[in-house]
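Engineer: Residues 814 to 916, numbered by my numbering, are exactly what the sequence shown covers, in order.
From the three backbone atoms N, C-alpha and C, an ideal C-beta is built for every residue, glycine too.
Please see the structure below; I have some questions.
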Amino acid sequence: MDGRPVTFMADTGASIIARTYEDARRAGLSPASLDFSARVSTANGIAKVAPVVLSRVRVGTITLRDVRAAVAEKGALDVNLLGMSFLGRLASFNLRGDELILL
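Here's what the structure looks like:
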């Protein structure tokens, strides 16, 4: 994401890509510059997030630009989520067991 390698979990239940606070900080985003006023429902309840737009998201040979995402407030998310703001822009995707096939 934005030129840096990121580990994520594909989540078709997530409407957008969600980044952990810690990962966003490592990527160079300044938490002080983010507006954590949006609220989202998660499996663990309601969390505050800061909406962002990722200039580039590349998974394998697929690259998408200007992808909607959010940074979760500190401690609200344990893993980055590859949500439908990326997956929904693909021609198709299939989950087979523990394998994700993107087209």
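For Pro818, which three-state DSSP category applies?
Structural biologist: Three-state result, Pro818: coil.
Engineer: Using beta-carbon positions only, say whether Thr820 and Leu900 come within less than 8 Å of one another.
Structural biologist: Result no, Cβ atoms of Thr820 and Leu900 do not sit closer than 8 Å.
Engineer: Hey, Leu894 and Ala827: beta-carbon distance below 8 Å or not?
Structural biologist: Going by C-beta atoms, Leu894 is nearer than 8 Å to Ala827.
Engineer: How should Ile829 be labelled, buried or exposed, when 16 other C-beta atoms within 10 angstroms of its C-beta is the threshold for buried?
Structural biologist: Under this definition Ile829 is a buried residue.
Engineer: Please name the residue or residues paired with Glu912 in a DSSP beta bridge.
Structural biologist: DSSP, once it has assigned bridges, lists Arg909 as partnering Glu912.
Engineer: Using the DSSP secondary-structure output, state which residues sit across from Gly858 in a beta bridge.
Structural biologist: In DSSP, Gly858 forms a bridge with Thr855.
Engineer: Shortest alpha-carbon distance to Leu903 belongs to which of Val870, Asp911, Glu886 and Gly910?
Structural biologist: When only C-alpha atoms are compared, the closest one is Val870.
Engineer: Residues in its own chain within less than 8 Å of Val866 by CB, not counting five upstream and five downstream?
Structural biologist: Once the five neighbours on either side are set aside, the close Cβ partners of Val866 are Asp879, Val880, Arg881 and Ala882.
Engineer: If you draw a straight line from the alpha carbon of Asn857 to that of Gly888, how long is it in whole angstroms?
Structural biologist: Using only the alpha carbons, I get a separation of about 11 Å.
Engineer: Can you tell me whether DSSP reads Gly839 as helix, strand or coil?
Structural biologist: First, the residue type needs correcting, since residue 839 is Arg and not Gly in the sequence shown. Helix, per DSSP.
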